[in-house]
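*Asks:* There's a structure below that I have some questions on.
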Amino acid sequence: MVKIRAVSVFNVTDKEGMKLKDKAAIAEIEGYIRKSLGADSRYMPAKRRSVGVAASTDHNVIELTGSDRPGLLSEVSAVLASLKCNVVSAEIWTHNTRVAAVMRVTDEDTMLAVTDTVRLEMIKERLSYLLRGNNLSRGAAMAEASGTSATNTERRLHQMMLSDGDTEEFHGHVPAQPQRPNVTVRNWKDKDYSVVTIRCKDRPKLLFDTVCTLTDLRYVVYHANIDASNNQAYQEFYVRHVNGSPMNTEAERLRVIQCLESAIERRVSEVTIHELIKGNFARIIFL
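Read the sequence shown against the UniProt record's numbering and you will find it ends at 287, with the numbers running on by one and no gaps.
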């Protein structure tokens, strides 16, 4: 069991249940947490709809949101190839008929970031047009991407899908979930906390997903009880809004429940892509 006694404070043990004393292991954990949180670990609302392009010295970051459909990834890759862009890596999440992707691309010839502003604008226009091609689409968002680093891509994907509205009800066909998460919210009036309880199938990065979502919804976790056994996870968070108040309305509680359910489910359909290059031959593989 892991108990969170205060914001960003974790009491953990080694696999034998003993206090962790290995300084090298402690330093490694601290470094991993810092990298995982990234520069944008504080709440920062994303724009509603985005096809954004931002450049570092060695690659461009492209952020996409839109309606999911068969063959969309192939179409996006074809557009980038036609514009002489090489896909270095990409991470794609789909949920509730919506898709979000963070892609890193380089110029096909220089293998460095694309710097031509006219060409960058053409990339945005072509991808936006592509994502608007589905009749069910609410459109692709147009926003300037931030310099998303490799360590905070998953956090950014959560923010993108939350902003895009993948929690909204869809009346078409959605594949049934074998075991949907059970999320409840109640107020502990004596202490002015809202208690968020989650029961679902355990999986890697579950705690990361739920805490990121609460943070993006602007709630502060003051205390938590976390447990996992027999492939089942139990998480209990005592939270307040950043303004110091618990959840006061049914609409507020319902939104938190829906957003947490979506955050838990959307990682199930993630795709990670990396590039393999042998000589002049490049191909994309799914991991």
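Note that CB positions come from ideal geometry on N, CA and C, so glycine has one too.
For L157, I'd like the list of residues in its chain whose CB is within less than 7 Å of its CB, leaving aside the five on either flank, ordered along the chain.
*Replies:* Indexing the sequence shown from 1 puts residue 157 at position 157. Only E91, W93, A100 and V102 meet the Cβ criterion.
*Asks:* Going by DSSP in three states, G244 sits in which element: helix, strand or coil?
*Replies:* Start at 1 with the first residue of the sequence shown, and residue 244 comes out as number 244. Three-state DSSP puts G244 in coil, outside helix and strand.
*Asks:* Name, in chain order, the residues that DSSP records as bridge partners for K201.
*Replies:* Here residue 201 corresponds to residue number 201 of the sequence shown, with the count starting at 1. Answer by DSSP bridge pairing, in chain order: Q232.
*Asks:* Comparing C-alpha positions only, which one of D190, Q258, I226 and Y222 sits nearest to L207?
*Replies:* Residue 207 sits at position 207 when you count from the first residue of the sequence shown. Out of D190, Q258, I226 and Y222, I226 has the C-alpha closest to the C-alpha of L207.
*Asks:* Which same chain residues end up closer than 6 Å to L136 when comparing Cβ atoms and leaving out the 5 residues on each side of it in sequence?
*Replies:* By 1-based counting over the sequence shown, the position of residue 136 is 136. Its pLDDT being 44, under 50, L136 is placed unreliably in this model, and the value from its coordinates should be taken loosely. For L136, where only same-chain residues beyond five positions count, the Cβ hits under 6 Å are S67.
*Asks:* Can you find the residues in the same chain that come closer than 7 Å, C-beta to C-beta, to Y193, ignoring five residues on each side of it along the sequence?
*Replies:* What you label residue 193 is simply residue 193 of the sequence shown in a count that begins at 1. Within the same chain, Y193 has close Cβ partners Y222, Y238, V239, R240 and P246.
*Asks:* What residue range is occupied by the uninterrupted alpha helix (DSSP H) comprising A263?
*Replies:* As a working note, residue 263 is residue 263 in the sequence shown. E250 to R266 is the extent of the alpha helix (DSSP H) around A263.
*Asks:* Straight-line CA distance for residue 352 to S89?
*Replies:* Outside the displayed range of the chain (1 to 287) lies residue 352, so it cannot be described from this structure.
*Asks:* Measuring only from the beta carbon, is L254 closer than 8 Å to any heavy atom that is part of the ligand ATP?
*Replies:* Here there are no bound small molecules, and the ligand ATP is not part of this structure.
*Asks:* Our contact map puts residue 291 next to K201 with C-beta atoms below 8 Å; I'd like the distance itself, whole angstroms only.
*Replies:* Here the chain has residues from 1 to 287 only, and residue 291 is not among them.
*Asks:* State the DSSP-derived secondary structure class of N134, mapped to helix, strand or coil.
*Replies:* As a first step, residue 134 must be located in the sequence shown, where it is residue number 134. Confidence is the limiting factor: at N134 the pLDDT is only 49, short of 50, which leaves the residue's position unreliable and the question unanswerable from this model.
*Asks:* Could you check the C-alpha separation between I284 and V76 for me, to the nearest Å?
*Replies:* By one-based count along the sequence shown, residue 284 stands at place 284. By one-based count along the sequence shown, residue 76 stands at place 76. Legend: pLDDT at I284 = 41, less than 50; position of this residue unreliable, value from coordinates given subsequently. Spanning the two alpha carbons is a distance of roughly 12 Å.
*Asks:* Mind reading off the beta-carbon distance from I257 to V185? Whole number of angstroms is fine, and I expect it under 8 Å.
*Replies:* Position 257 of the sequence shown, counted from the start, is the residue given in the question as residue 257. Position 185 of the sequence shown, counted from the start, is the residue given in the question as residue 185. Confirmed, about 6 Å.
*Asks:* DSSP state of H158, grouped into three classes?
*Replies:* Within the sequence shown, the letter at position 158 stands for residue 158. Of the three classes helix, strand and coil, the one that applies to H158 here is helix, per DSSP.
*Asks:* Do L120 and N60 count as a contact pair if the criterion is CB distance below 9 Å?
*Replies:* Translated into the one-based positions of the sequence shown, residue 60 becomes position 60. Translated into the one-based positions of the sequence shown, residue 120 becomes position 120. Closer than 9 Å, so yes.
*Asks:* Using C-beta distances below 6 Å, list every residue in its chain close to C85, excluding the 5 sequence neighbours before and after it, in chain order.
*Replies:* On the sequence shown, residue 85 is found 85 positions in, with the first residue counted as 1. The residues are V105.
*Asks:* Near P45, what residues of its chain come up, given a Cβ to Cβ distance below 6 Å and the 5 sequence neighbours on each side ignored?
*Replies:* Against the sequence shown, residue 45 aligns to sequence position 45. Interpretation of P45 is limited by its pLDDT of 39, a score under 50 that renders its predicted location unreliable; no figure is taken from the coordinates.
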